[in-house]
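*Asks:* Mind having a look at this structure? Questions to follow.
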Amino acid sequence: MSETITVGLGARAYDIHVGGGLLAHAGELLKPHLLNNKSKGIVPVVTDANVAALHLQPLLAALEQSGIKAAPIVMPPGEGSKSFAGLEKLSDALLELEVDRKGLVIALGGGVIGDLTGFAAGVLKRGVAFAQIPTTLLAQVDSSVGGKTAINARQGKNLIGLFHQPRIVIADTALLATLPRRELLAGYAEVVKYGALGDADFFGWLEANAAKALDGNDSALVKAVAHSCKMKADIVARDERETGDRALLNLGHTFGHALEAATNFDDRLVHGEGVAIGVVLAFKLSVKLGLCPGQDAERFSRHLKAIGLPTAISDIPGPALSPDFLVAAMAHDKKVSDGKLTFILLRGLGEAFVTRDVPLEAVKEVLE
Numbered sequence: 001m002s003e004t005i006t007v008g009l010g011a012r013a014y015d016i017h018v019g020g021g022l023l024a025h026a027g028e029l030l031k032p033h034l035l036n037n038k039s040k041g042i043v044p045v046v047t048d049a050n051v052a053a054l055h056l057q058p059l060l061a062a063l064e065q066s067g068i069k070a071a072p073i074v075m076p077p078g079e080g081s082k083s084f085a086g087l088e089k090l091s092d093a094l095l096e097l098e099v100d101r102k103g104l105v106i107a108l109g110g111g112v113i114g115d116l117t118g119f120a121a122g123v124l125k126r127g128v129a130f131a132q133i134p135t136t137l138l139a140q141v142d143s144s145v146g147g148k149t150a151i152n153a154r155q156g157k158n159l160i161g162l163f164h165q166p167r168i169v170i171a172d173t174a175l176l177a178t179l180p181r182r183e184l185l186a187g188y189a190e191v192v193k194y195g196a197l198g199d200a201d202f203f204g205w206l207e208a209n210a211a212k213a214l215d216g217n218d219s220a221l222v223k224a225v226a227h228s229c230k231m232k233a234d235i236v237a238r239d240e241r242e243t244g245d246r247a248l249l250n251l252g253h254t255f256g257h258a259l260e261a262a263t264n265f266d267d268r269l270v271h272g273e274g275v276a277i278g279v280v281l282a283f284k285l286s287v288k289l290g291l292c293p294g295q296d297a298e299r300f301s302r303h304l305k306a307i308g309l310p311t312a313i314s315d316i317p318g319p320a321l322s323p324d325f326l327v328a329a330m331a332h333d334k335k336v337s338d339g340k341l342t343f344i345l346l347r348g349l350g351e352a353f354v355t356r357d358v359p360l361e362a363v364k365e366v367l368e
């Protein structure tokens, strides 16, 4: 079972292929995007050491079957690679392979590899095409779609980047079977976010089917990923550069990024867990401001708990996090404009909206 979703961006439109076992067909799916490849005929495959051990050889075999010569570039795993040092290392490797402007670079991995590879491809020789083969649930439903690419700076996450759309996304849901449970759940936070921000029916479907999908039921997993991708594709087609509707995709992220900064981006909190707690906090802030019914906030939080995701700041191990520090961390967020914090709040399940009219006192009270 597989589905194809098109991101409608005119001449730069591209397809997202979602299904189990797609890695074996990667060669035939990528071949049409290699017709102009003159880079010594070699296609770089950027991955990290963890993903390489699991999925690199099957991908190289699939590419070889279609007559595509590939050269792997293996980066160290983790957020540390999404840095100026990581960018320099990757750019150097791509230039050594003599990738030219008609070449194609393949990103095989989670959000870190997708972000770093997309950014490197976007700046290399003023823009080289790239393809996304996301290997985590979080990357399949979020970071691989929409063309946001970036590296981290000392001041915060994703502060150095550009919009560079991929040519194709191949989301093989069978690869998710190799993920640790915690990583799978972290990715699910981005799936359930779509229900909260714009589709109450999808949220209801997730309440009934998420456990099945997370336990590996093929059709439920494909539907969860494909529907998430479709929602993101629709928003990106309307607002590619986040001047309006696309900001809705940041539901939970203003809080989530601050929580990640407060835990020094260490393994006490992974990104999806930060988003899960962040969406709960967005619901609580919305209830506090009289915008959202309390039962909707409670229903959302109850579902996350049932699935096994954290829902409160107190669920994060280690010392208590200071509300003052969290508010200060939010001030460094990319979504700050004219000195005002941008929040995505809710009028109810499936009804998110963007606002910059939030009293900081209310934010602090929710954090406390």
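Using my numbering, read the sequence shown as starting at 1 and increasing by one per residue. For every residue, glycine included, the Cβ atom is placed at its ideal position computed from N, Cα and C.
Please state if the CB of I344 and the CB of L259 are separated by a distance shorter than 8 Å.
*Replies:* No, the pair does not count as a contact, with Cβ atoms beyond the cut-off.
*Asks:* Taking 8 Å as the cut-off, decide whether the C-beta atoms of K305 and V366 are in contact.
*Replies:* Not closer than 8 Å, so no.
*Asks:* Whole angstroms is fine: what's the gap from L349's alpha carbon to C292's?
*Replies:* Computed Cα separation, rounded: 9 Å.
*Asks:* Nearest to E351 by CA position, among P44, G195 and L116, is which residue?
*Replies:* Of the listed residues, the one whose Cα sits closest to E351 is G195.
*Asks:* Since K348 sits in a beta bridge, which residues does DSSP pair it with?
*Replies:* Just to set this straight, residue 348 is Gly in the shown sequence, not Lys. DSSP, once it has assigned bridges, lists E351 as partnering G348.
*Asks:* In its own chain, which residues sit with a C-beta less than 6 Å from the C-beta of L176, not counting the 5 before and 5 after it?
*Replies:* So the list reads L137, once near-sequence residues are dropped.
*Asks:* Could you compute how far the alpha carbon of L326 sits from the alpha carbon of G86?
*Replies:* Those two C-alpha atoms are separated by around 28 Å.
*Asks:* Where do the ends of the alpha helix (DSSP H) carrying T117 lie?
*Replies:* Unbroken alpha helix (DSSP H) run through T117: G111 to V123.
*Asks:* For the beta strand (DSSP E) that Q132 lies in, which residues bound it at each end?
*Replies:* Segment A129 to P134, the beta strand (DSSP E) holding Q132.
*Asks:* Near T263, which residues of its chain fall below 6 Å by C-beta distance, leaving aside the five closest residues on each side in sequence?
*Replies:* For T263, where only same-chain residues beyond five positions count, the Cβ hits under 6 Å are L269.
*Asks:* Is the beta carbon of P72 closer than 8 Å to that of L94?
*Replies:* Their beta carbons are not under 8 Å apart, which means L94 does not touch P72 by this criterion.
*Asks:* Based on DSSP bridge pairs, tell me the residues matched to E3.
*Replies:* Bridge partners of E3: V18.
*Asks:* Could you give the first and the last residue of the continuous alpha helix (DSSP H) run that contains I235?
*Replies:* First-last of the alpha helix (DSSP H) with I235: D218 to R238.
*Asks:* Quick check on the burial criterion: 16 or more other C-beta atoms within 10 angstroms. Buried or exposed for M1?
*Replies:* Exposed is the call here.
*Asks:* How many Å lie between I106 and L248 at the Cα?
*Replies:* Each residue's alpha carbon lies about 28 Å from the other.
*Asks:* Taking only three categories from DSSP, how would you classify P32?
*Replies:* In this structure, P32 counts as helix in the three-state DSSP scheme.
*Asks:* Hey, quick one: how far does the beta strand (DSSP E) through T254 stretch, first residue to last?
*Replies:* Per DSSP, T254 belongs to no beta strand (DSSP E); it is in the alpha helix (DSSP H), H253 to A262.
*Asks:* What span of residues does the alpha helix (DSSP H) with P323 cover, start to end?
*Replies:* First-last of the alpha helix (DSSP H) with P323: P323 to M330.
*Asks:* Check whether the Cβ atoms of T178 and V18 lie closer than 8 Å to each other.
*Replies:* Cβ distance not < 8 Å, so T178 and V18 don't count as in contact.
*Asks:* Could you name the residues of the same chain whose beta carbon sits closer than 8 Å to that of D115, not counting the 5 residues immediately before and after it, in chain order?
*Replies:* So the qualifying residues of the chain are K82, S143, K148, T149, A150, I151, N158 and G161.
*Asks:* On the three-pair Cβ rule with 8 Å, is the stretch 180 to 197 touching the stretch 126 to 141?
*Replies:* Because the criterion of three Cβ pairs below 8 Å is met, the stretch 180 to 197 and the stretch 126 to 141 touch.
*Asks:* Check whether the stretch 61 to 71 touches the stretch 14 to 29, taking contact to mean three or more Cβ pairs, one atom from each stretch, closer than 8 Å.
*Replies:* Yes, since at least three Cβ pairs between the stretch 61 to 71 and the stretch 14 to 29 fall closer than 8 Å, the two stretches touch.
*Asks:* State the DSSP-derived secondary structure class of V342, mapped to helix, strand or coil.
*Replies:* Per the sequence presented here, residue 342 reads as Thr, with Val not at that position. In the structure shown, T342 sits in coil (DSSP, three-state: anything other than H, G, I, E or B).
*Asks:* Going by DSSP in three states, V192 sits in which element: helix, strand or coil?
*Replies:* Here V192 sits in helix by DSSP.
*Asks:* Determine the extent of the alpha helix (DSSP H) in which I307 is found, giving its start and end residues.
*Replies:* Note, I307: alpha helix (DSSP H), G294 to I307.
*Asks:* According to DSSP, which residues form a beta bridge with L104?
*Replies:* DSSP lists A129 as partners of L104.
*Asks:* Closer than 8 Å, CB to CB, is C292 near chain B or not?
*Replies:* Here chain B cannot be found, since the structure has a single protein chain.
*Asks:* Relative to the C-alpha of G156, which candidate in A13, N209, I133 and F265 has its C-alpha closest?
*Replies:* Of the listed residues, the one whose Cα sits closest to G156 is F265.
*Asks:* Below 8 Å between beta carbons: does that hold for A276 and P310?
*Replies:* Cβ atoms of A276 and P310: closer than 8 Å.
*Asks:* Can you give me the Cβ contacts of K125 inside the same chain, cut-off strictly under 6 Å, excluding the 5 residues immediately before and after it?
*Replies:* Cβ within range, chain order: R101.
*Asks:* Within 10 angstroms of the Cβ of P317, are there 16 or more other Cβ atoms? Answer buried if so, exposed if not.
*Replies:* Under this definition P317 is an exposed residue.
*Asks:* In terms of alpha-carbon separation, which member of D215, P76, A362 and G274 lies closest to G290?
*Replies:* Of the listed residues, the one whose Cα sits closest to G290 is A362.
*Asks:* Candidates A331, A224, R241 and S219: which alpha carbon is nearest H253's?
*Replies:* Here the closest residue by C-alpha is A331.
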